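These notes are about the structure you will find just below.
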Amino acid sequence: MQHLISTAQFKTLDEVLSLFHLAESQRERKEADFLLNRVVGLVFHERSTRTRCSFEAATYKAGGKVIFEGIETSSAGKGETLEDTVRTISQYCDLLVIRQDRSGVLGPVATKSACPVINGGDGNNEHPTQALLDLYTVWRKKPDLNFTIMFCGDLADGRPVHSWINLIKNLKLPVKVYLNPAGGMDLTPQWKTALGPHTMVAHQETQRFLPSTDVLYMTRVQSERKNSNNTASGFMLRPGDYARNLKQDALVMHPLPRNGEIHPDCDTDPRSMYHTEQVTNGLYLRMALMNQMINGQMYQK
Ligand code: NCD
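Numbering (this note's numbering), first residue to last: 2 to 302.
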C-alpha cells in the first residue's frame, strides 16, 4: 500500500522532478482518462476551498468521480473515529484524500485504509501537496532551484511551510531561507533543526532582506489553532514593496486564504503567483500525483 503522508517520503530530487515532468505532460495533453471508472474519496474534516476543489477538479479532468465526506454531515459528529470512517470510505474508493485537525495521525490512520491515502493537511503538521505545487511553481520559473526564499507569517502552525522544510532538507536544495515569523510564531525547535544550516533570520529587518529574496512566501496566522485570540500580524506586503524592494523576477506566493497579509492592490502584479500559477499548477500537480499513485508508484515510508 502506498500513501503520501509527508514530504519527508521524497528522498531524491529525481523523484520530485519525475512528478513535475508528469504534471507538465498532463498540462500539454489536456485530456486524461487514468481515473476512468475510479472514485476518489475526499474526507475533509476541516474547512478547505483550494485543496478540496483542486483535487475534485483534478479527478474530473482525469475521468474519475468524487465522493465527499465533510465534517458537517459526517458520522464523526456521532462519535465515529477517523479510523472507522477511513475503514468504511476506503472500501468505496480507489484513492482517499484526508484533511483533519490532529497532527501526525494520518500515518497510523492510513494503515486502516483499503486504498492509497494522500494527506490533505493534518493539523499544524504538514500539507504535502501544497508544498509540492509550490515547488513545482518555482521550478517552472527557476529550473535550477537555486533560490532564496523568505517564509513570512505563522511558521509555528502553518503546515505548508513544514512540508517545504522537508523538501528543502531531503532534496538537498541549494536554497537559502530567511525566516520572518509573525510575533511569537516562529518555527518550533523540531522544524528549525530539520531546516538546519540553510537559515537566516529576517524578522524585523524585512526591508533589508527583501531585495535579495527570490521567493516571498506569505502565510496567514492560523487563528483556529491558537488558544488565545492572537491577532498578531507579521509583515504585511504592500504595492510599494513591489515597486521599491522586490526583484523584477521575484515570485510572491501564498497558499491562501489570506487575512490581509497581502494588500489586494498587489494581486495584478505579474510577480504575484497566488491567484494564478499556484492554483493552475496545483491542478496539474495533483493530477500527476494521483496518476503515479493509482499506477503503483511507491513512496517510501
Ligand atoms: C493552507 C492550509 O490549509 O494549510 N491552505 C491551503 O490548503 N491552500 C493554508 C492556510 O489555511 O492558511
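We treat Cβ as the ideally placed atom computed from N, Cα and C, and that holds for glycine.
The structure displayed is predicted, hence computed values, not measured ones.
field: Residue(s) in a DSSP beta bridge with THR200
entry: VAL178
- prompt: By the 10 Å Cβ neighbour count, where 16 or more other Cβ atoms means buried, how is ASN292 classified, buried or exposed?
  reply: buried
- prompt: Rounded to a whole number of angstroms, what is the C-alpha to C-alpha distance between ASP187 and SER114?
  reply: 35 Å
- prompt: Since ARG88 contacts TYR285 with CB under 8 Å, what's their CB separation in whole angstroms?
  reply: Between TYR285 and ARG88 the Cβ distance is about 32 Å, and since that is not below 8 Å, they are no contact.
query: Does at least one heavy atom of the ligand NCD sit under 8 Å from the Cβ of GLU57?
result: no
field: Residues with C-beta closer than 7 Å to any heavy atom of the ligand NCD, in chain order
entry: SER49, ARG51, THR52, GLY122, HIS128, GLN131, GLY159, ARG160, PRO161, THR220, ARG221, GLN223, PRO256, LEU257, PRO258
- request: Taking GLU70 as part of the alpha helix (DSSP H), name the residues at either end of that continuous run.
  value: GLU70 -> not in any alpha helix (DSSP H); beta strand (DSSP E) instead, spanning 66-71.
task: Along the beta strand (DSSP E) that carries GLY122, what are the first and last residues, could you check?
output: 118-123
message: So LEU96 and ILE295 are supposed to be a Cβ contact under 8 Å. How far apart are they, rounded?
response: 6 Å
field: Presumed contact (8 Å Cβ cut-off) between ARG103 and HIS128, rounded CB distance
entry: Actually they are not in contact, since the Cβ atoms of ARG103 and HIS128 sit about 14 Å apart, beyond 8 Å.
task: Take every Cβ of the segment 162-169, pair it with every Cβ of the segment 48-56, and state whether three or more of those distances are shorter than 8 Å.
output: no
field: Per-residue burial, ASP155 [other beta carbons within 10 Å of its own, 16 or more giving buried]
entry: buried
field: Endpoints, the alpha helix (DSSP H) within which LEU5 is located
entry: From DSSP, LEU5 is part of no alpha helix (DSSP H); its letter is neither H nor E.
- prompt: Who are the near neighbours of ASP268 in its chain, counting only those whose CB is closer than 7 Å to its CB and skipping five residues on each side?
  reply: HIS276
task: State buried or exposed for ILE150, treating a residue as buried only when at least 16 other CB atoms are found within 10 Å of its CB.
output: buried
query: Between THR189 and the rest of its own chain, which residues show a CB-CB distance below 8 Å, the 5 nearest in sequence each way excluded?
result: ALA157
task: With DSSP as the reference, label VAL294 as helix, strand or coil.
output: Correcting the residue identity first, residue 294 is Met in this sequence and not Val. Three-state DSSP puts MET294 in a helix.
PHE148 in three-state terms, based on DSSP: coil
task: Return the Cβ separation of GLY65 and VAL40 in integer angstroms, given the expectation that the two are a contact with Cβ distance under 8 Å.
output: 7 Å
field: Coarse secondary structure for SER224, derived from DSSP in three states
entry: helix
Closest Cα partner of GLN249 within the set GLU278, THR214, PHE56, PRO175: THR214
message: Please report the straight-line C-alpha distance between ASN282 and ARG259, rounded to a whole angstrom.
response: 19 Å
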